[in-house]
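Structure first, then comments.
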Amino acid sequence: MYLLYYLPGACSLAAHILLEELGQTFKLEFRSAVKGIGTQTPEYLSINPKGRVPALLCLDSSIGEVAGVLTELPAILLYLANQSTPVSFIPDTPGELGRCLEWLNWLSGTVHRLSYGQVWRPQRFVDDESLFPAIVKKGRSNVMDNYTFIEQYIAAQSDSPLLSNYSIVHPVLLVFWMWGKWIDIDMGTHFPNWNQLVQSIVERPAVQRALATERIDINIFK
């Protein structure tokens, strides 16, 4: 059994979706980064010293150096996918697996940590609050550049193994599409191919269950 520390609509949603897809037995525990509540408590920092979500606690065994705890979304997704029998939602050739990890790392490191970090957490980049608006503006520009790259890739590579077969990349793309709506980007107009892909993802029962549990209105994807 797994325990997933999550925040509704955060990147942890992708791990939540995968747990639903795999039919794994799991529990959820809410954590919030707002004003440091939840993710910065001594209790949570003893579980995940990074003070972020997601964190996956395996209640039945240990993962890595810290008994039972795994952090970082790409690692959690890859680990969970490998727990299924047969292995599901990851490519079965080294080349395609490499492409899958390439996307997960870029989405997590560049799109999330850098671009959305600038938009939502400018204080992580500078202490001078007078510079926050400029950082947020640059972050939004970076998001649009990132999203244009995603749209162009989907348009050109829709038949590629990475996109044509549902994988651990798909729920992450769903999360970032949703975040685009949250910062008032007209996703359907600007990114029609990505929008079409997301509509197919939302139709999956596991995705709908995770969205319902996290109380995310499915109509946001329309």
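Number 25 in the working numbering belongs to position 25 of the sequence shown; there are no gaps in the numbering.
Glycine residues also receive a C-beta, built at the ideal position from the N, C-alpha and C atoms.
Exercise. Any idea if VAL87 is buried or exposed, counting beta-carbon neighbours within 10 angstroms, 16 or more meaning buried?
Worked result: The residue is exposed, with fewer than 16 neighbouring Cβ atoms inside 10 Å.
Exercise. What residue from CYS58, VAL53, SER46 and LEU131 has the CA that sits closest to THR25's CA?
Worked result: Closest option to THR25, Cα to Cα, is CYS58.
For this session: Within 10 angstroms of the Cβ of PRO42, are there 16 or more other Cβ atoms? Answer buried if so, exposed if not.
Result: Classification for PRO42: exposed.
Exercise. Taking the alpha-carbon positions, what's the ASP186 to TRP106 distance?
Worked result: Roughly 23 Å separates the two Cα atoms.
Exercise. In the structure shown, what three-state DSSP assignment does GLU29 receive?
Worked result: Shown here, GLU29 sits in a strand according to DSSP, grouped into three states.
For this session: Please state whether DSSP places VAL143 in a helix, a strand or coil.
Result: For VAL143, the secondary structure class from DSSP, reduced to helix, strand or coil, is helix.
Problem set entry | THR39 in three-state terms, based on DSSP | Residue state, collapsed to three classes: coil.
Exercise. Bridge partners of LYS2, per DSSP?
Worked result: The residue asked about is misnamed: residue 2 is Tyr in this sequence, not Lys. DSSP lists PHE26 and CYS58 as partners of TYR2.
Exercise. Can you give the Cα-Cα distance for SER164 and ILE154, rounded to whole angstroms?
Worked result: So the alpha carbons of these two residues sit roughly 10 Å apart.
Problem set entry | Rounded C-alpha distance that separates ASN193 from SER46 | One C-alpha to the other measures close to 42 Å.
For this session: Within the same chain, show all residues whose beta-carbon is closer than 8 Å to that of THR71, passing over the 5 residues directly before and after it, in chain order.
Result: Excluding residues within five positions, the ones whose Cβ falls inside 8 Å are ASN48, LYS50, ARG52, PRO54, ALA55 and LEU56.
Problem set entry | DSSP state of LEU70 mapped onto helix, strand, coil | Strand.
Exercise. Looking at the unbroken alpha helix (DSSP H) that takes in LYS222, where does it start and where does it end?
Worked result: From DSSP, LYS222 is part of no alpha helix (DSSP H); its letter is neither H nor E.
Problem set entry | Inter-residue Cα distance where the pair is ALA33 and PRO205 | Taking the CA atoms as reference points, ALA33 sits about 29 Å from PRO205.
Problem set entry | Three-state class that DSSP yields for LYS50 in the structure shown | Reduced to three states, the DSSP call for LYS50 is coil.
Problem set entry | Whole-angstrom distance between ASP217 and ARG99, CA atom to CA atom | It is roughly 31 Å from the alpha-carbon of ARG99 to the alpha-carbon of ASP217.
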